[in-house]
Amino acid sequence: MDRELYGREAVLHDGGLAARLSGLTRHGAARVAYEHGDDPPVTVFTGGRGMGKTALLKEVRNRYKGYTPLALLDCAHIEPPAEHGPGWSEVTGALTELAVQLSPKVLAAKPVQFPRLSLGLVAVASLGWSQEDDERARTDLQQLGPLLATVDATKGAAGNWVSKVLSKLAATFAESAAPLAGLLAEATVETVLEEVFGRFQRSAENWYGSYRNAGGRGKAGLRQLAIDFEQGGRRRGEAEDFLVGALTEDLVHAYTGLRRGTRIGRPILLLDNAHERLGRQLVEPILRARAGGRRDRVVVLAASRVREHEGLRHATRTRLPETAHRAPCPRGTSVGSGILAVELTPLSPAQTRSAFDHHDPAGRTPAELARAVHRLTGGRPLGVALLGRAAGEAPAELRAGLTPGGLLDLTVELREDAPPVPVAPTLLAELLPVRRPGPYAVLAATHDEESARLLAHARLQGESLDGDVALRVRDLLRSEDWAVSEPGSRHFVADPLLRSLLLHRLRFEDDDHPRYAAWRAVHETLHRHYGPAPGPYRLHHDLALGRTEEAVTHLRVTFPEQDVLGWLGRLRFVAAAPYPRERNRPGPDPRRAIALGQEPVGDPTFSGLDAESTELHLSVRRLLHAVWLLTDPLALPDDDVADRLAHELRRLSGRHLTGSGSLWDAATHWPRDIRAWRELSLPPGREDGV
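Heads up: the sequence shown begins at 84 in our numbering, then just goes up one per residue.
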C-alpha cells in the first residue's frame, strides 16, 4: 500500500523525477521518456533530520521493487560480518550487499549476474590467508556464497567449491616459500572460474585486463588488484574504485549483449546517508567514469543530511517542487557537475492539514491544531507525521483541548507488536540521536554562545574533561545541520522544534513534579548571571520560572522613555520565554485569564502606586501575558486574546507622549502577524518580521 506522499509527488508521481530517470512509471506500468538520455545525473536529495529523505528512498524502493533491479543501502550502517579477514572493508561489504539486492529476477527479465564483481571480491578475500589457518580462508570463502550465487545459484550456494579452493591454496603454499597476496588471489580466482562460472561467464575476467600493470591480462589485473588492496591507503582506494566499476559494468552487461532489448527501464541504486565517507567512495568512481565518457545507465538516487557537503560543490542545485516536470543538470568540466542536488522542502500548511486529516478524519481535535503544529515543526515531515498520529490516537477526553505542547505529552503506537512510546522523547531521539541528550537540554535554555559556555561551566563541568562542552555541543549540532545561535535568533538552539523538545526533556525527564529541580536550577543560574539589574535577559528567565511581576514593573517603569521600538523589542524578547507548564493540565491556559483581565489581581496599591500608575501596571501585565501566550509555539492561537492585545496597545498608544505611532502600528500589525503565523514584526509591519 502506498504511503501518503505529503509533497513528494514531484519525485514519485507517474511523470515525476524517479520515472523520468528510470524510464518507468511506478510499479513498472509503462515506459517513460528518459529526461537525460544515456547520461543520467547522480541525484542527491538534501535536507536535515526528519525532512523525509529516508522515507522518500524507501517509497521509491517500494514502488519499483520487482519491476527493475534495485538496491537500497544505508551508508551509515554497514555491519561487518561477525568474523572477517583483512579482505573486508566497508566498500567491499557494501558492494556485496548491493549486488545481492540487485540480482533477483524482475518483471519479464532474468536475474542480474555479477561475475566481474565476484571475481574482484574473491581476489581481495584471499588477503591474510595462511597455511596454518585454513579455517580463516574457509570462513571468508563461505561469506562469498551469496555473491557467487548471483553467477550460478546452484553452484554458488552449494559451497562445494570451497573445499576445492582450499586444496588449490594448499598446493600454492607448498610451491612458494613466501606466498604473496597476488599468488593466492590468482589461485583462488582460477578455482572459482572452473567450479562456479559457466563457459560464457569466464570471459568476465578479461575486464580486469585494464587494471593497473595488467597489460590486458585479466588474471594479472586481479593479482595486482589484491596487492593494491593489501597495501591500503591510496592504492586500496584505487582498487575499491575499480570494484565499484565492476558492479556497474555487470549492470551494463545485463542490459546489453545477448539479452539486449529484453529489459525496460534502468537499474536503481538508492544510497541513504550518502554524505558519509562510504557514500563518496561509492558515488565518486561512478561520477569520474561518467565524466570520462562512460555510460553505465544506472540511476543513482542518494540522500545527504549535509546541504553544503564538499562533494556537492559543483552540483546543479534545485528545490524539490521544481523537479516535478523537468530537472536540468548541465554537465560541465568538473566531475561534480554530474550531480543534481535536490533540496527537500518542508511541508506546506495544507499538506500538514492533510496529514492531520488522515489520522483524525472526524476532526475531533481543535481546528487550529494542524496549523499550530506546522508552526512548531516548520513543516518538518517527521514531526508532522508523529504529532499527527498522536492527535489521532489521543484519548477522547483530551482531544478537544489539545495543543502542540499537549501532543508532546502523549504516547503514540508506532507498531502493533510494541507498546506505545512517549512522543517527545521518541521524536527527540530521531532528530538528535546522541548518546546523552541531557547537556543539549540544559543548553537549550540559553541565548547565545556566551551564555551557553557560562551555563556549561556552571552546570556541566562533569560532562567532558576534553574541551568546552558548549562548543562541542555547538559543533555537533552544526554537523547535524541544525541552526545554532544564528544572528537575531535569540536562542542558542535556533530551531523551534528541536529547542521545544530539549526544553520538554529539561522540565519533565527527571519526574520531579512539582519542584522541577533541573528546570529551576538552569533558569536560576542564568537569572543570576544576568542580574541584578532587571534587564530583558534576566526577566526572560523570570518568566521561565513563573515569576512575572518584576517584568511587568520594569516594562511599566520604562514605558515613558522615548525609545518605544526598543520597549516593544524588550517586551517581545521577555515574552519569548518558555512557559513553565504542567503536563496534561486540563482547562484553558492560565495566561489567558490574565491577558483578558479575568483573573483577580487583588489590591495593587500595596506598592504605593497611584491610580494612573496602577492602570498602566495592569495594562502592561495583560499585554505581557497576551504576547507570551500568542507567540508560544506550544500553544494555540486565541482570537479573543489577539483582540485584547490590539486593545491594550491602542490604549498604551494614547498614553505615550512621543511614541504613539509605533504603539498604534503594533496594535494593527501584531494581531495580523499572529493570525498569519508570523513572528511579531519589529518595526511593526516590517515584511521580513525581524
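Here a beta-carbon is modelled for each residue, glycine too, at the ideal position from N, C-alpha and C. The structure presented is a predicted model; accordingly, all values stated were derived computationally and were not measured.
Beta-bridge partners of V576 (DSSP): V567. Annotation: L227 is outside any beta strand (DSSP E) and is labelled neither H nor E by DSSP. One alpha carbon belongs to E269, the other to A501, and they sit about 51 Å apart. Contact check for L155 against T126 fails: the beta carbons are separated by 8 Å or more.
Note that the region 423-432 touches the region 122-137; at least 3 beta-carbon pairs, one per stretch, sit closer than 8 Å.
In this structure, DSSP gives T448 a state outside helix and strand, which the three-state scheme calls coil.
Relative to the Cα of L763, the nearest Cα in the group V143, A709, L740 belongs to A709. DSSP places I351 in the uninterrupted beta strand (DSSP E) bounded by 351-355. Taking 8 Å as the cut-off, the beta carbon of L452 is found closer than this to the beta carbon of A474. Residue burial annotation: D693 is exposed, with fewer than 16 other C-beta atoms found within 10 angstroms of its C-beta.
Taken through DSSP and simplified to helix, strand or coil, D593 comes out as coil. Closest by C-alpha distance to L370, out of L353, V389, G328, is G328.
Around the beta carbon of R346, 16 or more other beta carbons lie within 10 angstroms, which makes this residue buried. Counted as a single uninterrupted DSSP element, the alpha helix (DSSP H) harbouring T331 occupies residues 316-337. Under a 10 Å Cβ-count criterion, H530 is classified as buried, with 16 or more other Cβ atoms of the shown protein chains found around its own Cβ. For L140, same chain residues with a beta-carbon under 7 Å away, outside a window of 5 residues either side, are L155, L353, D355, L384, A386 in chain order. Across the structure, L728 and H441 are spaced so that their CA atoms are roughly 35 Å apart. Check the Cα spacing between T331 and each of V366, Y147, P716: the tightest is with V366. Contact check for P669 and G484: beta-carbon distance about 7 Å, within the 8 Å limit, so the pair qualifies. Around the Cβ of A616, a 10 Å sphere holds fewer than 16 other Cβ atoms; the residue is exposed. Annotation: the continuous alpha helix (DSSP H) that includes R360 extends over 360-374.
Under DSSP, T399 shares a beta bridge with L423. Sequence-distant partners of E359 (beyond 5 residues in either direction) whose C-beta falls short of 6 Å from its own C-beta, in its chain, are C158, A159. The beta carbon of H574 sits closer than 7 Å to those of H530, R582, all from its chain and outside the five residues before and after it, given in chain order. Residue range 432-442 is occupied by the alpha helix (DSSP H) that includes F439. L210 places its beta carbon less than 8 Å from that of G168.
If you draw a straight line from the Cα of L719 to the Cα of R758, it is about 11 Å long.
Here the alpha carbons of G550 and E480 stand approximately 49 Å from one another. Take R373, set aside five residues on each side of it, and the residues of its chain with a beta-carbon closer than 6 Å to its own are G421, in chain order. A386 carries a strand assignment under DSSP once its states are collapsed to helix, strand and coil.
In this structure, V195 sits away from A93, with a CB-CB distance that is not shorter than 8 Å.
DSSP, reduced to helix, strand and coil, places V183 within a helical segment of the structure shown.
Boundaries for L679: no alpha helix (DSSP H) harbours it, and the DSSP string shows neither H nor E there.
For the 8 Å CB-CB criterion, P663 and W711 do not form a contact. Residue nearest to R557 within the set G629, A524, R588, L580 is A524 (criterion: CA-CA distance).
Judged by beta-carbon spacing, T399 lies within the 8 Å limit of P413, meaning their Cβ atoms are closer than that value.
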